[in-house]
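Asker:
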Amino acid sequence: MEIVRAFDAIWAARWPILDGIANTLLISGLSILFGTALGVGVGLLLSYGGRIVRFFVRVYSDFLRGTPVFVLILACFYILSVIGLQLTAFQAGIFALMLFCSSHVGEIVRGALQAIPPGQTEAAKSIGLTFRTTFFSVLLPQALRQILPTWVNTATEIVKASTLLSIIGVVELLLSVQQVISRTYLSLELYFFAGFVFFLINFVIEKAGRIVERKIAIPT
Amino acid sequence: ADKLQDVLDRGYLIAGSGSTNAPWHFKDENNELVGFDIDMLRLIAKGLFDDPTKIEFVNQSGDARIPNLATDKVDVTCQFMTVTAGRAQQVEFTHPYYREGVGLMLMANGDYANHAELLAAGDDVTVSVLQNVYAEEMVHAALPEASVDQYESVDLMYQALNSGRSAAAATDQSSLSWFIAQNPDRYLDAGYGWNPQSYSCAVKPGDQRWLNFVNSVLHEAMTGVEFNTYAASFKKWFGAELSPPKIGFPVEFK
Amino acid sequence: MSSPVLEIVDLHKRFGALEVLKGINLTMHQGDVVSLIGSSGSGKTTLLRCVNLLEEYEDGVVAVAGEQIGYTKKNGKRVRLSEREIARQRAMTGMAFQHFNLFPHMTAMHNVMLGLIKTRRMKKDEAHSVAEKWLERVGMLARRDHYPGQLSGGQQQRVAIARAIAMNPQLMLFDEVTSALDPELVNEVLSVVRDLAKDGMTMLLVTHEMQFAHDVSSKVIFMDDGRIGEEGPPDQLFRQPKSERLAAFLKSSKFS
Amino acid sequence: MSSPVLEIVDLHKRFGALEVLKGINLTMHQGDVVSLIGSSGSGKTTLLRCVNLLEEYEDGVVAVAGEQIGYTKKNGKRVRLSEREIARQRAMTGMAFQHFNLFPHMTAMHNVMLGLIKTRRMKKDEAHSVAEKWLERVGMLARRDHYPGQLSGGQQQRVAIARAIAMNPQLMLFDEVTSALDPELVNEVLSVVRDLAKDGMTMLLVTHEMQFAHDVSSKVIFMDDGRIGEEGPPDQLFRQPKSERLAAFLKSSKFS
Amino acid sequence: MDYNFNFAAVWRDFDLLMSGLGLGLILAVISIAIGCFIGLLAAFGMLSKNRAIRWVSAGYVSAIRNTPILVLILFTFFALPQLGIRFGKIESFIVTLSVYSGAYLTEVFRAGLIALPTGLREAGLSIGLTEFGTKLNLIIPVMFRNVLPSLSNNFISLFKDTSLAAAIAVPELTFYARKINVETFRVIETWMIASLMYVLACYVIAAVLRQVETRLAIPR
Ligand SMILES: Nc1ncnc2c1ncn2[C@@H]1O[C@H](COP(=O)(O)OP(=O)(O)OP(=O)(O)O)[C@@H](O)[C@H]1O
Ligand SMILES: Nc1ncnc2c1ncn2[C@@H]1O[C@H](COP(=O)(O)OP(=O)(O)OP(=O)(O)O)[C@@H](O)[C@H]1O
Ligand SMILES: [Mg+2]
Ligand SMILES: [Mg+2]
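Residue numbers (our numbering), protein chains in the order written: chain A, 1218 to 1437; chain B, 4 to 257; chain C, 456 to 711; chain D, 456 to 711; chain E, 13 to 232.
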């Protein structure tokens, strides 16, 4: 291994690589943000929607979860432009990741709401709370705590999935590293480096999730 | 629609290419997009605005080349695109600006100096080549008796050559020239090329004026006023001097 | 005599094909304590849940303090009240559940305060002092900042009762409030209920504790397969059961 | 007299800092039935588990049929036997657990057959007929194709006993085999154990059923904080306890 | 928008798509089978008494789960050969997906092992089985049945990951879809068909696995 050359190459390309990292974080952050917002809606419709609404949201969710993210990204990139919606690769990629994220968050939210014992709703009703208050004061706070760990998992999945945007030409971390590889042929060292940076990002997310989890845990 | 007018009004060219293939299109040490494809695109921008920097690059993967043209994401694509009849039904190709082929790379201080010597050595030579269904057949078209070692990646192939496990490496002439240009005293070109294919830029079909314009730029780069720019670029990426076109009767009509 | 706190007239309730309540009539006045006993599946819980509108009922009338619960007549047709109206009516009764159903993410104090603030629209301070008063009454003031997970079953149940009572309901409903508790914890809860009865709270309770039903009730109702099998003062019901089914039920539940 | 089936000499066992067995001595001969009684945490289960090598012990000797269990001396040092040796020794004793621990994915029949085939290396046919014999003995032959999940607790425990006995152990260990059972199921299991005792099986058992211990044992041992507090024939131990602690223990466990 | 659907081009190459789907399934099955084996080893490793083994197992799981699979695929294919470890592209993908799925399955198996009652092992020992015999006859069969539902979820998402084999030119479904796309430019049609094929395949896999679950369920 040409460790020294690899470090030199990485150091020489530090700005583009940092740009790539920033892009990866931006892509992941935006997708998770929008995806979560959309996903909470999906989860609510799955839990409380009428029969017909539920059916369509179910199809939406199943379709997105059954399609590989990579296919989703390619489909969004190409199909949207064919039907006249001119998104850049960057926008199309975020759009695809957002859809993917929303279907997963939707299921998580639905699962969490379902896991709350019905006695909670009944107790809330019995002290005269309306559905709105019941949802915001009783159900949501409990659901959120349950959602957090799986949601953090989804977040790391999205960070990983953001690499797939490299294939449609978005210069995120992986592609920025591949650009260095194409100049230096140091594939072993540089792929290792890329993997390590992704590991670090996700490791930090995981640990942060743990800390928050512990902070908001209900004392027993 | 008049693409040429649109581009002129816009004030810059939107050009599609990749970023991970030297010497065609890749990022140099300063993170600038450079390469032979990129130079061609800059020539077009220079033709349009008299300023080769009036250009916005869209980074695209290989299979995005045609869709991005068709959906007007780019005005023109120059991305080592092999001309085939099938593709010509989807896009309109410009004049070719490079003829790709397979070449043989040798060690400068090795046992063989050119294709003839390799041929003479018969089955004593081993040729390393990028793995591919047609690899063996392809090598045997040039060296019928040579034995063939297939490798999965380009750098491995070069390593085989370096370590003496093969006497020659068969690969695209462009990457071969690039490598030789990078390491001037270590390698040499056996001087034999085969398996030809043309590289052209491509535009969306149906706009003759735009196509003509791009064609004119490329044509004059190879034969006319911009020849020096083209030749300098050729020398830079492929390490070879071009002799200027003969003055007098136009070469292409001979 | 004032108008009855609870009036149930010919109440019918079915789950799909299964008729669970087959015409129940019951009138309770201020200060009455009525116990529902009967074998499993006889419809006791369902009756309570109809009064609190946790179940819809198809036929008959349930009225609390003279107001029909859950439905109204519109153009001669029976229509369900709005979500908001129903929420208001539910707050007229308080309910304690078998499994306490405390809100696990809130302290004892906040469990009690939530309804006061959101439904009774009290200011925080006021809700706080009302909640304090009731936590004190059930002997849980010292634990006001504990979360349900930090309390024993009996303690949780006492907080749950405080949460219901604090809403100042006209009528308290208790559904087997001790049957999920370990034997040694049963008494601390029963004595809270007993105290409330002494103070004149109107209460309708389902229980399997026969001795307790006997001691605390002004009237006992034996539910039998969705009907009122027998009813009357506790002494009469427990000592001189008229029907064989009641006698058999009492025997199996070892009342002595 | 033949060599003892079980011989325990000055057995010590600690969990970290906690010394759980503080020097136990016990000799059992063919046909002996010894009951261990004592309050919770006194070390009864641990003693049994040391005999069956489910726990390692630090000091002292446990020998079954004259062979030291789990350890040997090598160059003057005490070393643990090989995994394979230990497995062989474990099969010399049979154990029945409080929670039955049947293999949930096998029928009653296969539960009994597994050890016969894998440890005793019987042919399938032979194992089958041995298993049939023992399932019959515990009255479970009719249910031989049921899975544990389809059996009541008492039935599961009887299969578990058959599984242990079928291995033809020198010594049977029973650890509170009835304490996870509903009261009405206790007797069906105790009568199986009683029958085995009558047939001369050597047995060491932990039980909270004092009457049963009294009836079935040749000797009763009162464990007290990791030591043998008192031991003797059942009548003597239950009727005339010498120590106050035993008297108190017997009182609290309502032996009458 | 006036887009004229034309599926003819896609149908013409439908057998290619089908063969791609078939290859994807084969890749998934082989990799997951190997992954199960790795996962079992690592799961036992994580519960081992030996600290070093625990550490190695946990490190493996954490490193692999937090690294994008695309990076792993490229690393195996382009970088490992530099260390003299070289596979063909299909083998290379199988290696990657096996190692990747192994990390996910480790978590599944570990959870399953923890949930087993300790009595199961002890009962096995008490009838004279060795530790290994206990694992083979009791622990693994019971644990396996218990984790089947979460195993199914993992199977499906690992199957979807075969779409990434296209990145190293393994001719599976996504690879052919991209190829047809470039050749015919029937973008919408191609991706619609491809995603539908994935979704249906996922449904079929889920149904099959549910069958397996009921077939293997322990009667009670
Ligand atoms: N949500 C429901 N859907 C269908 N049937 C129900 C539902 N809730 C109750 N039932 C049925 O209604 C009948 C009466 O149930 P209920 O809970 O009122 O009995 P109970 O007298 O309270 O019994 P227990 O003493 O066991 O609590 C039972 O047959 C029960 O199975
Ligand atoms: N694995 C262990 N690790 C640490 N301490 C243990 C362990 N197993 C048992 N102990 C402790 O050893 C002591 C004796 O336990 P043991 O189970 O032998 O008691 P016992 O007499 O069987 O009680 P019981 O009647 O409750 O079953 C107890 O203090 C217990 O907490
Ligand atoms: Mg009930
Ligand atoms: Mg014990």
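Where a beta carbon is used, it is the ideal one built from N, C-alpha and C, also for glycine.
This structure is a prediction, so every number in the text was calculated from the model and none was measured.
#1: With a CB to CB cut of under 6 Å and the five nearest residues on each side skipped, what residues in its chain are close to D/ILE572?
#2: Residues in the same chain with beta-carbon distance under 6 Å from D/MET678, minus the five sequence neighbours each way, listed in chain order, please.
#3: When burial is assigned at 16 or more other CB atoms within 10 Å of the CB, is A/PRO1285 buried or exposed?
#4: Just verifying my parser: in three-state terms, what is the DSSP assignment at E/PHE187?
#5: Give the straight-line distance between the Cα atoms of E/GLY32 and E/PHE187, rounded to the nearest whole angstrom.
#6: Name the chain D residues whose beta carbon is nearer than 7 Å to that of E/ARG232?
#7: With DSSP as the reference, label B/TYR100 as helix, strand or coil.
#8: Check the Cβ of E/GLU143 against every Cβ in chain D and list those closer than 7 Å, keeping chain order.
#9: Mapping the DSSP letters down to three states, classify A/ILE1342 as helix, strand or coil.
#10: Can you tell me the Cβ-Cβ gap for E/ILE5 and E/LYS61, rounded? I've got them flagged as a contact below 8 Å.
#11: What are the residues in the segment 1407 to 1420 of chain A lying within 9 Å of chain E by C-beta distance?
#12: Kindly indicate which three-state DSSP category D/LYS697 falls into: helix, strand or coil?
#13: Give the single residue among E/LEU128, E/ALA115, E/SER164 whose Cα lies nearest to the Cα of E/LYS147.
#14: Near D/ARG700, which residues of its chain fall below 7 Å by C-beta distance, leaving aside the five closest residues on each side in sequence?
#15: Does any CB atom of chain E fall closer than 8 Å to the CB of A/LEU1239?
#16: Please classify B/SER150: does DSSP put it in a helix, a strand, or coil?
#17: What is the chain-ordered set of residues for which the beta carbon lies under 5 Å from any non-hydrogen atom of ligand 2?
#18: Once you ignore the five residues that flank C/ASP600 on each side, which residues in its own chain have a CB closer than 6 Å to its CB?
#19: Which of the three DSSP states, helix, strand or coil, is assigned to E/MET13?
#20: Got a sec: is the Cβ-Cβ distance from A/VAL1288 to anything in chain E below 8 Å?
#21: Please indicate yes or no: does the CB of C/LEU473 lie closer than 7 Å to some heavy atom of ligand 1?
#22: Hey, would you say D/HIS554 sits closer than 8 Å to E/GLY47, going by beta carbons?
#23: Would you check if the segment 107 to 123 of chain B and the segment 208 to 223 of chain B touch, i.e. whether three or more CB-CB distances between them fall below 8 Å?
#24: Is there at least one Cβ from chain E nearer than 8 Å to D/ILE463's Cβ?
#25: In chain B, which residues lie less than 7 Å from E/ASN166 when you measure between Cβ atoms?
#26: Which runs of the alpha helix (DSSP H) fall wholly inside the segment 230 to 255 of chain B and span at least 4 residues, in chain order?
#27: Taking 7 Å as the cut-off, is the CB of C/MET658 close to at least one heavy atom of ligand 1?
#28: Report yes or no: do three or more beta-carbon pairs, one from the segment 66 to 79 of chain B and one from the segment 164 to 183 of chain B, lie closer than 8 Å?
#29: Pick helix, strand or coil for D/PHE470, following the three-state DSSP scheme.
#30: CB-CB under 6 Å to B/VAL128, same chain, minus the five flanking residues each way: which ones, in chain order?
#31: For a test of the three-state rule: what should DSSP assign to C/HIS601, helix, strand or coil?
#32: Across which residues does DSSP place D/PHE629 in a beta bridge pair?
#33: Given the structure, does C/GLU631 come close to ligand 1, in the sense that its CB is under 7 Å from one of the ligand's heavy atoms?
#34: Going by DSSP, what residue range makes up the alpha helix (DSSP H) through C/GLY608?
#35: Scan the segment 98 to 132 of chain B and note each continuous alpha helix (DSSP H) run of 4 residues or more that stays entirely inside, going in chain order.
#36: What number of angstroms, rounded off, separates the C-alpha of A/GLU1389 from the C-alpha of A/PHE1413?
Answerer: Taking the geometry as given:
#1: If you ignore the 5 residues before and after D/ILE572, its C-beta comes within less than 6 Å of the C-beta of ALA582, all in its own chain and listed in chain order.
#2: So the list reads LEU491, GLY493, SER497, GLY498, LYS499, once near-sequence residues are dropped.
#3: Classification of A/PRO1285: buried, given that the 10 Å Cβ count is 16 or more.
#4: Correct three-state label for E/PHE187: helix.
#5: Cα-Cα distance, rounded: 8 Å.
#6: The answer, in chain order, is TYR602, GLY604, GLN605.
#7: Three-state result, B/TYR100: strand.
#8: Contact annotation for E/GLU143 against chain D: GLU538 [CB-CB distance below 7 Å, chain order].
#9: A small fix is needed here, since residue 1342 of chain A is Lys in this sequence, not Ile. In the structure shown, A/LYS1342 sits in a helix (DSSP, three-state: H, G or I).
#10: With chain E covering 13 to 232 only, the question about residue 5 of chain E has no answer from this structure.
#11: For the segment 1407 to 1420 of chain A, which is checked against every Cβ of chain E, the residues closer than 9 Å are LEU1407, TYR1408, PHE1409, ALA1411, GLY1412, PHE1413, PHE1415, PHE1416, LEU1417, ILE1418, ASN1419, PHE1420.
#12: Residue state, collapsed to three classes: coil.
#13: Ranking the options by Cα distance to E/LYS147, first place goes to E/LEU128.
#14: Counting only Cβ-Cβ distances below 7 Å, and skipping sequence neighbours, we find ASP679, GLY684.
#15: For the record, residue 1239 of chain A in the displayed sequence is Ala; it is not Leu. Chain E, which has no Cβ nearer than 8 Å to the Cβ of A/ALA1239, makes this no.
#16: For B/SER150, the three-state secondary structure derived from DSSP is strand.
#17: Ordered along the chain, the selected set is D/PHE470, D/VAL475, D/SER495, D/GLY496, D/SER497, D/GLY498, D/LYS499, D/THR500, D/THR501.
#18: If we look at C/ASP600 and ignore the five residues flanking it on each side, its Cβ neighbours are THR562.
#19: Its pLDDT being 47, under 50, E/MET13 is placed unreliably by the model, and nothing is read from it.
#20: Interface annotation, A/VAL1288: in contact with chain E, CB-CB separation under 8 Å.
#21: Short note on C/LEU473: C-beta closer than 7 Å to some heavy atom of ligand 1.
#22: Between D/HIS554 and E/GLY47, the CB-CB gap reaches or exceeds 8 Å.
#23: Segments in contact, no.
#24: Against chain E, the CB of D/ILE463 has no partner CB under 8 Å away; the residue lies outside that interface.
#25: What E/ASN166 touches in chain B: nothing, since even the nearest Cβ is about 29 Å away.
#26: Counting only runs of 4 or more, we get 230 to 241.
#27: A distance criterion of 7 Å places the beta-carbon of C/MET658 beyond contact range of ligand 1, judged by its closest non-hydrogen atom.
#28: The segment 66 to 79 of chain B, when compared against the segment 164 to 183 of chain B, does not touch it at the 8 Å Cβ threshold.
#29: D/PHE470: strand per DSSP, three-state reduction.
#30: Within the same chain, B/VAL128 has close Cβ partners LEU121, ALA149, ALA170.
#31: Here C/HIS601 sits in coil by DSSP.
#32: Paired residue(s): D/ALA551, D/LEU660.
#33: Yes, since a heavy atom of ligand 1 falls inside the 7 Å radius drawn around the Cβ of C/GLU631.
#34: Segment 608 to 620, the alpha helix (DSSP H) holding C/GLY608.
#35: Along the segment 98 to 132 of chain B, the alpha helix (DSSP H) occurs as fully enclosed runs of 4 or more residues at 118 to 124, listed in sequence order.
#36: Distance between the alpha carbons of A/GLU1389 and A/PHE1413 is about 15 Å.
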